[in-house]
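For the record, in the sequence shown the residue sitting at position 364 is 1475 according to the working numbering, with numbers rising by one throughout.
Beta carbons are placed, not taken as given, at the ideal position from N, Cα and C, and that holds for glycine.
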Amino acid sequence: MAKQSSGIFQPGWVSALGVVVVFLLTGTAAASEETVSVEQVQQGLSTVWVLVGAFLVFFMQAGFGMVEAGFIRAKNACNILTKNFLDFCMASLGFFLIGYGLMFGDGNSFMGLKGWCLMGLEPTASGIPLYAFWLFQAAFCGAAATIVAGGMAERMKFPAYLIYSFLISAIVYPIVGHWIWGGGWLSKMGFADFAGSTVVHTVGGFAALVGTSILKPREGKYSLDGKPNVLAGHSIPLASLGVFILWFGWFGFNAGSTLGVGDGSVIGLVAINTNLAAAAGGVVAMLTVWKRFGKPDLSMAMNGALAGLVAVTAPCAFVAPWAALVIGAVGGYIVVRGVEFLDRLRIDDPVGAVPVHGMCGVWGTLAVGLFGKSSLGLAHPGLFYGGNPTQFGIQMLGSLVTVGFVLLSMGAVFKLIDKTIGLRVSREEELRGLDIGEHGMEAYAGFQVFTTS
């Protein structure tokens, strides 16, 4: 029987390869007199790992853009892609100027009070260089901001969207982030959100909920009797590409949140849990919609996979793989019933942003308190490991406070925008399409895409 440590996987080879990588990255010549310590090698590898995660999360912007463009009508495709492109620009600026300081700067339990433009900040506690850590966190901030574009698609003014995306990135998202990841009051209580079910997805999802509620439904979405009409997206292939990109990028989103390589065991656990939850969510959503409506709807199956990914984002490092399957499966069911629930309330969410990110973000947060294991780093064991309700209670409190804060703060932001420059385009512009009305261009030049539905 061959030894498990044979070949290039021997620890000595791994260390040697690590040294080579660091030499290449730092430009250190082989004949240099300086000695690279083991700590420097580990630090270099961890920094590269975090940056790779940041690049993958940035690539998720393309995934969000493709999903949202595919799920809406062709006459608004250019508009939604412009919003996805510019909201990352606005998020980068807002998070650099103000947001990072609010989130990670020294201050109190509510928010940071220093670090504007990254000035005067100390090296990060994880040891990752400040600029690398900022880029990773900025990519997360951009993801939270772009969630809202889908929920408010096809009728929101572009200037209003730019203002919104700057404010959520500079103020609202960083404050919640400080509570949980910046040493704030929830962090001190033992609240656990490994990669952002609350910080990113609950914030983005419930911002979308309050925004689309204020904005009101699209023209023709609901009949006079309240029954929803299908305003079909124009490109399922485009949306499918977006989901695959998001699924791929989520490995950077979750596994990158380890903020270090270590021995690789945590990265492996996070990666398998991420994949299993997505797969379970997609299958359960497909089966649920198949049973309820008679057809295996691809769009709902794809949203089910995204729901599983959102749900496992908080607990991915704290649960066993079997639990990730359960968490993802429940997320897939929630997204189907969540879409139906919003339609009963006549809340028009064109891409399912609220069920996928808001509802499943809350579910994933609570799942930490059910399936989490203290042996994996959780402050208290989950309810299913000894019957201790402490962690579940902390998770519930954190989720409720976050939802309330987002609804109030973003409600005020959207109301202020609505009272000043206006939130919604005119009826004529909506019917014609925002590509022409807002941008004077078309996503598919030369094709007739004008429609009054």
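- Remark: C-beta atoms of Val1395 and Ala1440 approach each other more closely than 7 Å.
- Within the same chain, and ignoring the five residues on either side of Phe1317 in sequence, the residues whose Cβ sits closer than 7 Å to its Cβ are Gly1469, Val1514, Val1517, Leu1518.
- In this structure, Phe1269 is the residue among Gly1176, Phe1269, Phe1362 with its C-alpha nearest to the C-alpha of Ile1528.
- Taking 8 Å as the upper bound for CB-CB distance, Leu1370 and Val1149 are not in contact here, some 18 Å apart.
- Uninterrupted alpha helix (DSSP H) stretches at least 4 residues long and entirely within the segment 1466–1553 occur at 1471–1482, 1501–1531, 1538–1543, 1545–1550, given in chain order.
- If you ignore the 5 residues before and after Lys1484, its C-beta comes within less than 8 Å of the C-beta of Phe1429, Val1430, Ala1431, Pro1492, Gly1493, Tyr1496, all in its own chain and listed in chain order.
- Following the DSSP letters along the chain, one finds Thr1323 inside the alpha helix (DSSP H) bounded by residues 1314–1326.
- In this structure Gly1253 is not in contact with Val1462, their Cβ atoms being roughly 17 Å apart against a cut-off of 8 Å.
- Per DSSP, reduced to three states, the secondary structure at Met1263 is coil, with no helix or strand assignment.
- A distance below 7 Å separates the beta carbons of Gly1226 and Tyr1211.
- Note on Arg1538: under 16 other CB atoms within 10 angstroms of its CB, so exposed under the neighbour-count rule.
- Gly1174 carries a helical assignment under DSSP once its states are collapsed to helix, strand and coil.
- Secondary-structure assignment with DSSP links Tyr1333 through a beta bridge to Pro1339.
- A contact between stretches requires three or more CB pairs, one per stretch, nearer than 8 Å, and the segment 1187–1199 meets this requirement with the segment 1531–1549.
- Distance from the CA atom of Lys1402 to the CA atom of Ala1391, rounded to whole angstroms, is 16 Å.
- For the segment 1334–1400, the continuous alpha helix (DSSP H) assignments of 4+ residues that do not extend past its boundaries occur at 1347–1366, in sequence order.
- Contact between the segment 1200–1207 and the segment 1286–1300 is absent: fewer than 3 CB-CB pairs across the two stretches fall below 8 Å.
- Taking a C-beta distance under 7 Å as the contact criterion, Ala1388 and Ala1435 qualify as a contact pair.
- Of all alpha-carbon atoms in Gln1172, Pro1426, Ala1416, Phe1221, the one lying nearest the alpha-carbon of Leu1197 is that of Gln1172.
- When DSSP states are grouped into helix, strand and coil, Gly1218 belongs to the strand group.
- Spanning the alpha carbons of Pro1339 and Gly1315 requires a straight line of approximately 24 Å.
- Of the residues Phe1166, Gly1322, Phe1503, the one whose Cα lies closest to the Cα of Gln1248 is Phe1166.
- Contact between Ala1425 and Phe1305 holds, since their C-beta atoms are separated by about 6 Å, short of 8 Å.
- Annotation for Ile1286: the continuous alpha helix (DSSP H) segment containing it runs 1284–1292.
- Note on geometry: alpha-carbon atoms of Ser1324 and Ile1458 lie some 6 Å from one another.
- Boundaries of the alpha helix (DSSP H) harbouring Trp1296: 1296–1300, taken from the DSSP string.
- Bounds of the alpha helix (DSSP H) holding Met1201 are 1188–1205.
- By DSSP's assignment, Gly1223 forms a beta bridge with Gly1218.
- By the criterion of at least three beta-carbon pairs nearer than 8 Å, the segment 1213–1225 is not in contact with the segment 1375–1386.
- Met1411 and Pro1234 have their alpha carbons spaced roughly 44 Å apart.
- Distance from the CA of Ala1180 to the CA of Leu1352, rounded to the nearest whole angstrom, comes to 11 Å.
- If you look at Pro1432, you'll find it in the alpha helix (DSSP H) that goes 1432–1455.
- Of the candidates Met1214, Ala1236, Ile1239, the residue whose Cα lies closest to the Cα of Cys1228 is Met1214.
- Separation of Gly1509 and Phe1302 (C-alpha to C-alpha, rounded to the nearest whole angstrom) is 7 Å.
- With fewer than 16 other beta carbons inside 10 angstroms of its own, Ser1334 counts as exposed.
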